[in-house]
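Novice: Under my numbering, think of the first position of the sequence shown as 1014, with each following residue one higher. The structure under discussion is supplied below as structure tokens; questions concerning it will follow.
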Amino acid sequence: MTYNPLKERYDNMNYRRCGKSGIRLPEISLGLWHNFGSVDIFENFRQILWRAFDSGITHFDLANNYGPVPGSAEENFGIILKKDFNHLRDEMIISTKAGWGMWPGPYGDFGSRKYLLSSLDQSLKRMNLEYVDIFYSHRPDPDTPLEETMGALAQAVHQGKALYVGISSYPADLTRKAAQILKDMNVSCLIHQPKYSMFNRWVEVATGRDPSLLDVLEETGIGCIPFSPLEQGLLTDRYLKGIPVGSRAYKPTGFLKAEDVTEQRISKSKRLNEIAAKRNQSLAQMAIAWLLKDRRVTSVLIGVSSVAQLDDNLKTLNNLNFSEEELKKIESILKGE
Ligand code: NDP
């Protein structure tokens, strides 16, 4: 089958400006961490990509190590890009990252210039691309000077291999420093990718003299794209009745482990699910909407294992509003009251 994108693909998606940049991103973006690797079903993830693009999702997030096996998500994405999206490249924002362990030896992990730039070359080859839109430092490296890691990102831009750069999981103080170092090299930090969900709210918290990460992002004009907004499925109806066959917590290759599906979390999810039902939303939809209520959040970066899950999540956009009472109830559940 050949892919013909829907003409109406931009009609139902909103696009938010990413920090103070010229780029707008869809309120929902798609990540390829799980479900797009060599262990997964090609036709299934191809259909997911088609539906995503048909629904106005223009942003696809990858990393060198996504799979399993590491690298295979980029390879698969590259094959689908060539088959189906070749003429649509200018309508897409494609990101990749380096920072977690990718190959053996001292040059395949963390934040050296050597690792980041070699990895970017490998990613471009796997995806069969001339450039990515965003290249990220995937995590802070305590042993490499920040100037070196940021220098590598800036070099990627100056070489034309990345249009923009981003950082992931950097704490507030390092984010501020990273942004300044990049600025001194005439490159803006476009975006920060932190873990952020109803169950993980570190980005909201000020520590010591440092403001919260969200405040620093606002102050520095950097966009925010939360990852694992559904806590890998815990903030959906997936585990409300146990661990289903085929779910991420069930699969041996999944990052979510059975022991992460704790009674305490599921009991919170059940109570949140009741509030979602009263809003005529699924729990997944409410969890995404809850993140999007903050205008500092540019886009929410979801994962899905099926077209049905993607469709469910896209319906979030029909109701992004919360009453004060709903927010209070959610807050009290999250606090464990
Ligand atoms: P989510 O928290 O969105 O979890 C996705 C999983 O939740 C799906 O695989 C599926 O589980 C389940 N799910 C999704 N929608 C529904 C639904 N409507 N109903 C029921 N279950 C649902 O995100 P991910 O953890 O996948 O992360 C998203 C992206 O963030 C990644 O692909 C990656 O791009 C990025 N990321 C970045 C990291 C970083 O360090 N920068 C780290 C981790 C992720 P199931 O598979 O069981 O069906």
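All C-beta atoms, glycine included, are put in the ideal place defined by N, C-alpha and C.
Which residue comes first and which comes last in the beta strand (DSSP E) that contains L1043?
Specialist: Element bounds for L1043: 1041 to 1044.
Novice: Would you mind giving the Cβ-Cβ distance between R1022 and S1051, rounded to the nearest angstrom? I have them listed as a contact below 8 Å.
Specialist: With 8 Å as the limit, R1022 and S1051 do not qualify as a contact, their Cβ atoms being about 29 Å apart.
Novice: What number of angstroms, rounded off, separates the C-alpha of N1027 from the C-alpha of L1327?
Specialist: C-alpha separation (whole angstroms): 11 Å.
Novice: Counting pairs of Cβ atoms below 8 Å between the region 1148 to 1159 and the region 1175 to 1185, do you hit three or more?
Specialist: Judged by Cβ distances under 8 Å, the region 1148 to 1159 makes contact with the region 1175 to 1185, as three or more pairs qualify.
Novice: Can you find the residues in the same chain that come closer than 6 Å, C-beta to C-beta, to R1331, ignoring five residues on each side of it along the sequence?
Specialist: Contrary to the premise, residue 1331 reads as Asn rather than Arg in this sequence. Same-chain partners within the cutoff: there are none.
Novice: So, L1247 versus R1292, is the Cβ gap smaller than 7 Å?
Specialist: No, the pair does not count as a contact, with Cβ atoms beyond the cut-off.
Novice: Using a threshold of 6 Å, is the CB atom of W1046 nearer than that to any non-hydrogen atom of the ligand NDP?
Specialist: Under cutoff, so the answer is yes.
Novice: Kindly list the residues whose CB is nearer than 8 Å to the CB of A1167, restricted to its own chain and excluding five residues on each side of it in sequence; keep chain order.
Specialist: The residues are V1178, L1195, M1198, N1199, V1200.
Novice: How is G1179 classed by DSSP in three states: helix, strand or coil?
Specialist: In the structure shown, G1179 sits in a strand (DSSP, three-state: E or B).
Novice: Hey, could you find the ends of the alpha helix (DSSP H) Y1128 is sitting in?
Specialist: Run containing Y1128: 1126 to 1140, per the alpha helix (DSSP H) assignment.
Novice: Does the beta-carbon of F1123 have 16 or more other beta-carbons within 10 angstroms, so that it is buried, or is it exposed?
Specialist: It is buried - the Cβ of F1123 has at least 16 other Cβ atoms within 10 Å.
Novice: Rounding to the nearest angstrom, what Cα-Cα distance links Q1193 and G1032 in this structure?
Specialist: Computed Cα separation, rounded: 15 Å.
Novice: Measure the Cβ-Cβ separation of K1190 and L1159 and say whether it is below 7 Å.
Specialist: Cβ distance < 7 Å, so K1190 and L1159 count as in contact.
Novice: Leaving out five residues on either side along the sequence, give the residues of the same chain with a beta carbon under 7 Å from the beta carbon of G1173.
Specialist: For G1173, where only same-chain residues beyond five positions count, the Cβ hits under 7 Å are Y1144.
Novice: In the DSSP assignment, find the beta strand (DSSP E) that holds A1185 and state where it starts and stops.
Specialist: First-last for A1185: 1185 to 1197, but that is the alpha helix (DSSP H), not the beta strand (DSSP E).
Novice: Taking 6 Å as the line, does the beta carbon of E1315 fall inside it for any heavy atom of the ligand NDP?
Specialist: Checking the sequence, you will find Ile at residue 1315 rather than Glu. Yes, the ligand NDP has a heavy atom inside 6 Å of this Cβ.
Novice: Excluding five sequence neighbours on each side, which residues of the same chain lie with their C-beta closer than 7 Å to the C-beta of A998?
Specialist: Here the chain comprises residues numbered 1014 to 1350, so residue 998 is not present and cannot be evaluated.
Novice: Between F1058 and the ligand NDP, is there a pair consisting of the residue's CB and a ligand heavy atom that are separated by less than 6 Å?
Specialist: Result no, Cβ not under 6 Å from the ligand NDP.
Novice: For L1333 versus L1314, is the C-beta distance shorter than 7 Å?
Specialist: Contact flag unset, no.
Novice: Please report the distance separating the alpha-carbon of L1269 from that of Q1245.
Specialist: Rounded to whole angstroms, L1269 to Q1245 spans 7 Å at the Cα level.
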